[in-house]
Structure formats: C-alpha cells, structure tokens
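K.L.:
Before I ask anything, let me first share the structure, which is written out below as structure tokens.
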RNA sequence: GCCCCUGUAGUUCAAUGGAUAGAACGGCCCCCUCCUAAGGGGCAAAUGUAGGUUCGAUUCCUACCGGGGGCACCA
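Residue numbers (this note's numbering): -11 to 551.
Shown next as structure tokens:
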C-alpha cells in the first residue's frame, strides 16, 4: 500500500516539479483528524524545489485523488498531505496483520544472530537486577526468532574464579554437610561467613587462592566440588528461568574457555597487539583518538582476566557459528570495557561479524535502605513470589466477578507479567528505579492490563461463534477506524523493536492497542450490533486478541483466555 | 581531572527533525437495568538554563548547571 502511494507521489513530483529520487515517508497519525496516513514530503522538499509546502501539496493532490484506495485527501497544517483510505482498502490490509502473528520461517541459510544474556554468577542466587539482562535478552532473541532470524541464545556463566577457592575453604572449615547436600542458600551463607572471618584472619585469602590454583590445575577432589556447586546453582536457576519463560540454546561458563585462551595470547603477542605494560602485565593499547585507556589481557602474575576470556569466547563463537552478529546484553557500566574488547578484536584482524554491546541502565532502589543493606541482596525469586502473592490478593478481591477456572495459574501469569512488563515497557538505556509498588503494578500501563484486555476480547470471540472475514464494509465508526489503523501498525512495531533492539517499542505498541480496543469496546456494541457490523467487529476483536497474545509472548508474557 | 550516558507534568515513563509534547500512577469529576468497571470518558499539570543550525528542535551542535556510570591487574 505504501509503495504504491509513494510511487504516485513520486511520479507527480517528477512531472510537476521535476524532482527525482525523492524518498516519500508515511506516518500513521495519532490523531484521527489527520487521516489514516500522512506524509510531510511537501515540507521536506519545499526548499529544494523553491515553492511553498502548500503549493507542492496542491500539485500532488490530484494524483492521489485518482487512487482507488483513497477516499479523501487533505492538505493540513503547514503542508501535510493527509489521506483517508477507503474502508475496503483498510480492511483488505488486515491480512498482513494476521500474518504478522505467525513466526516467519527460519532463514536457515542465513548466518545466525547470537544473543548473549543473563550471565549469572555460579554459587550466588539471582538477584533482582538480573531480571534486566535476562528478560531484555530473551525478548530480543524472541523478536529475532519471530522475524525469521536464525537465532542462537547463550547464557554466559561466571563459573570460574577465586570465589570457588573461598567456598572450598569455607566448606572445609565450617560446613556441616557434604557439598552435594547443600542448597544455594547454604553456599551463600558459607561465602558470607568466609568474608566475615577473612577480615580478622589473613591466612584465609591465601588458602582460597591456593585452593583455586589447585582447581585450575585439575585437582580431582576440587573439580568434583566445583561441579557440584555448578549443578546446585544451575538447578535453582533453571526453576527461575522457567518461571520467567526464559531459555537458552547454549550455556557456556567461563570455565569452558579455560583451554582456549593460550592460543589467543600467543596470537596477540605475535601480532604485537599485546605488549608488556608497566608492571609486567600484558596489555593492549589503543589509538590516541579513541581516548581509551589500555586494557590488561594477562595480569602481572600471569593469570588471565575477563578480557582474556571474552576474547576466547568471541573467537569460539565466530569459528563455531560464523554469525552475522553477536549481541551482548550487558549493563551500561561496562561500556568502556566493551569498546576495548571490540577494538582489540579489530586490532587482531579477525574476520568479524557485527558486534554490539546492547546496553541497559542500572537498577536503583527507590527505597534507599535496600541499596545500603550490603550483602543482603534482594533475590529475584523473592520478588517473583511476592508478585504472585500480590496478584493472588488482587484476584481474591474480585470475588464473584472472576471468570477464570484457574486462579492460581492466573496469579502466576499476572505476577510474572507485571514484573517483566515493568522492565520491558521502559527504554532499556535509562536507569530503572526499583520500587515494589511500581515493579509489581497491576493497574494502568501494566501486564495485567494487556492480560485483561486479551481475556475480554477472547470472551467475546468465544460467545460469537465463528467470525468470518468480512468482504465489504461501507463505513467505519471512529473507533473501528482507529483500532484498525493501530492493528495495521503491528508489523512495523515488531520491525522497529527488532532493528533497534528495543523491546519497549513493542510493549508501548501493545499498550496503545489495548487502549484503542477498550475504547472501541466501550463505544461500539459488538455482539449486539447488526450485521454486517457484528461480524466485522468480532473479526477486529479476534485479530486484536491474536496480536496481543503474539506480542506479549515475544515479551515473555502469557495472556489468559479468561480472568 | 578526562571520557560516556542522562535531565520532559507532583511521581514513573513515551515521542524515525514534524501538526495542539502523549500515557500511567497520584488528585478532582462523570459512566454498570448494556458484550468482564482488572474497564471507559473528562479536568488540572511538564521539555534544566543560554545560545546556534532550519521552513520546523524534546530530538542535532556549543557552553553552563544538575543526576548516573567508567577510567590497568574485580567481572
């Protein structure tokens, strides 16, 4: 539809003004008084052509009026060309909305897109802040998959380092049961105890380093201990991931890359990318213009560091999957680090895919006391539990009015949805303020609003029986037209969210759609309408429900049929 | 000190350089003999400051002021 109208405008401009190669952009005006489509083209080329915007608009008006899909054209404001399409044209375009609800077939022959997210540390429970990378990453991956990309999702675990030495020492000294019987909380308690004791006992840190060194050298007992800790942590994390509708194609810890770093260190030295720094460490230096300080690749004592592991990781991914892109979903505090990482692989001269640090802001706490309660992190699991509990309370408070047969299932959906939606409805680049009442909001712009709207729409559809796609519609009510235009924007919002890696674009779209639907629902009778309006309205209702369901799922949120 | 991000209603957030800057929460007022009131409608309320770029700036540029983050052996 756009391209045909663009052609018409281009031809008119070429004939009347002699300008070629003009890109005509279309907008869907938010205000219904501006029509279904609008273009600011006359404003944009006014100077180039040497005519006023209104004069230019006048020239393209006749050509547009000749289009059979167009009902009315108007010049408005400073020179906008506003178009009202015929109901037939609008309704005809709805087929594409239905298609957008189905995932595109995976383009197997296309190089994959790798999305790395979540990145928890082993032996520590997931904190509330982990929700950010985890659900932003999952929704970015979901969007890619839905749009036909060959997507590979990876969880990059922090499963290596001196913390295992500390834990081994702590268990040995104070543990009251074998590691295999420990819970994650037990491990955390041991870890905390270690740090408390280490303040007054210097030998502990040394013992921990020694234990980790032995682990690195392959000590069998410590290796088994390490494996148990990994297993215990992963089992608990899997439960939470499952509750969040998060899953990964691959889970590779840093330990996985232990034997893959030396070749890269050698390569870097050979290419003179890695040079010796002041205190004997191996470093990478960057150009003056880049304004970046040097980065350490190997510590002065010969130990590797996160950069070493990330180089190995990047190398492994490139050789294993030959991806078109690698997206690292990591918070903004590591911006400089990622610039250094990317600059380093550039210097190494590797054949690189598109590498992108997909940044998100940091989580702050509205309640100041939470951030100062050191060592006492707010666990993601606790927040999820609280969210479900609050949802259950809300459901209970509705008494007889609830229609669901499964209040527990609904509470689960609403709790998870509310929490996740709070994260995904916001521009990821902004810092996020965690506040219980906001994070677990069930009113207004929230997951339960989407869920309620969906349930409402499904309820209508189930009462209506089969809804057939209408052939001809003579006229549209204001609300029908508005809803229809919003529905037509679905595919665009998916594209925008995927290309910009911004899930909030989709979240905001879904909220808009629900507002339009509820407004329509309030003003226009559906089941009680006369035919053919009844069928058409049921059709719009069904399509709305499909779009909400599809979009919400991409954001990892489930929607109920009844609530 | 240097570098990056960021300042929008009372609060939390939107707005490919476009029309009268949108929502939500909170406040005030309406709407269930009507398809789910977990809803809808209305009112009050905002672009940190000063310049610049242009037909047009919340958006781009400069300075200043405020907030966050980073700056070599933690990840």
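Cβ coordinates follow ideal geometry from the N, Cα and C atoms, glycine included.
Everything numeric in this text was worked out from a predicted model, so none of it was measured.
1) With a CB to CB cut of under 8 Å and the five nearest residues on each side skipped, what residues in its chain are close to residue 359?
2) Put residue 92 into one of helix, strand or coil per three-state DSSP.
3) Give me, in chain order, the residues of the same chain whose beta-carbon lies closer than 7 Å to that of residue 1; leave out the 5 immediate sequence neighbours on both sides.
4) Using C-beta distances below 6 Å, list every residue in its chain close to residue 213, excluding the 5 sequence neighbours before and after it, in chain order.
5) Across the stretch 83 to 103 and the stretch 526 to 536, are there enough close Cβ pairs to call them in contact, namely three or more that are closer than 8 Å?
6) Would you grab the beta carbon distance between residue 407 and residue 375 for me? Rounded to a whole angstrom, and I think it's under 8 Å.
7) Leaving out five residues before and five after residue 361 in sequence, what residues of the same chain have Cβ atoms less than 6 Å from its Cβ?
8) Have a look at residue 372 and residue 55 and give me their C-alpha separation to the nearest angstrom.
9) Specify, as a first and last residue, the run of the alpha helix (DSSP H) that residue 160 falls within.
10) Since residue 283 sits in a beta bridge, which residues does DSSP pair it with?
11) State the start and end residues of the unbroken alpha helix (DSSP H) segment that holds residue 224.
12) Closer than 8 Å is the cut-off here; do at least three beta carbon pairs connect the stretch 460 to 476 with the stretch 440 to 450?
13) Quick one: give me the first and last residue of the alpha helix (DSSP H) that residue 505 is part of.
14) Please report how far the alpha carbon of residue 125 lies from the alpha carbon of residue 5, in whole angstroms.
15) Going residue by residue through the stretch 45 to 127, where are the continuous alpha helix (DSSP H) segments of at least 4 residues, counting only ones entirely within it?
16) First and last residue of the alpha helix (DSSP H) that includes residue 545?
17) Shortest alpha-carbon distance to residue 404 belongs to which of -9, 544, 365 and 447?
18) Among the candidates 106, 108 and 136, whose CA atom is the shortest distance from the CA of residue 96?
19) Rounded to a whole number of angstroms, what is the C-alpha to C-alpha distance between residue 142 and residue 419?
20) Use the C-beta contact count for residue 538: other C-beta atoms within 10 angstroms, 16 or more gives buried, fewer gives exposed.
21) Would you kindly check if the distance between the Cβ of residue 508 and the Cβ of residue 451 is under 7 Å?
22) Please list, in chain order, all residues of the same chain as residue 498 whose beta carbon is under 7 Å from its beta carbon, the five residues on each side excluded.
23) Hey, is the stretch 55 to 70 in contact with the stretch 512 to 526, meaning 3+ C-beta pairs nearer than 8 Å?
24) Report the option in 470, 148 and 502 whose CA atom is closest to the CA atom of residue 203.
25) Taking residue 180 as the reference, which of 194, 169, 219 and 162 has the closest Cα?
26) Please check the pair residue 172 and residue 113, which I expect to be a contact at CB under 8 Å, by giving their CB distance rounded to whole angstroms.
27) In terms of DSSP beta bridges, what is residue 249 paired with?
28) Sort 217, 444, 144 and 415 by Cα distance to residue 178 and report the nearest one.
29) Please report the straight-line C-alpha distance between residue 108 and residue 118, rounded to a whole angstrom.
30) Report buried or exposed for residue 261, applying the criterion of at least 16 other Cβ atoms within 10 angstroms of its Cβ.
31) Would residue 298 and residue 336 qualify as a contact pair, given that the criterion is a beta-carbon distance under 7 Å?
32) Could you check what DSSP says for residue 310 in three-state terms: helix, strand or coil?
33) So residue 492 and residue 415 are supposed to be a Cβ contact under 8 Å. How far apart are they, rounded?
34) For residue 329, report the span of its alpha helix (DSSP H) as first-last.
35) Count the C-beta pairs between the stretch 239 to 258 and the stretch 301 to 314 that are closer than 8 Å, then say yes if the count reaches three, no if not.
36) Apart from the five residues just before and just after residue 470, which ones in its own chain have a Cβ nearer than 6 Å to its Cβ?
P.N.:
Based on what the coordinates show:
1) Any answer about residue 359 is weak, because its pLDDT of 44 lies below 50 and its placement is not dependable; what the coordinates show is given next. The beta carbon of residue 359 lies closer than 8 Å to those of 352 and 353 in the same chain, with the five residues before and after it left out.
2) coil
3) 7, 10 and 48
4) 156 and 167
5) yes
6) 5 Å
7) Reliability fails at residue 361, whose pLDDT of 39 lies under 50, so the model's placement of it is uncertain and no value is given.
8) 54 Å
9) 151 to 162 is the span of the alpha helix (DSSP H), which, as asked, contains residue 160.
10) 272
11) 208 to 232
12) In this structure the stretch 460 to 476 does not lie against the stretch 440 to 450, because fewer than three pairs of beta carbons, one per stretch, are closer than 8 Å.
13) That run of the alpha helix (DSSP H) goes 491 to 511.
14) 48 Å
15) Correct list: 75 to 80 and 82 to 88.
16) It is not in any alpha helix (DSSP H) - residue 545 carries neither H nor E in the DSSP assignment.
17) 544
18) 136
19) Counting only the Cα atoms, residue 419 lies some 24 Å from residue 142.
20) buried
21) Pairing residue 451 with residue 508 gives a Cβ-Cβ distance that is not under 7 Å.
22) 438, 536, 539 and 540
23) No, the stretch 55 to 70 does not touch the stretch 512 to 526.
24) 148
25) 162
26) 5 Å
27) DSSP lists no partner for residue 249.
28) 217
29) 7 Å
30) buried
31) no
32) Here residue 310 sits in coil by DSSP.
33) 5 Å
34) 323 to 335
35) yes
36) Here the set comprises 20 and 504.
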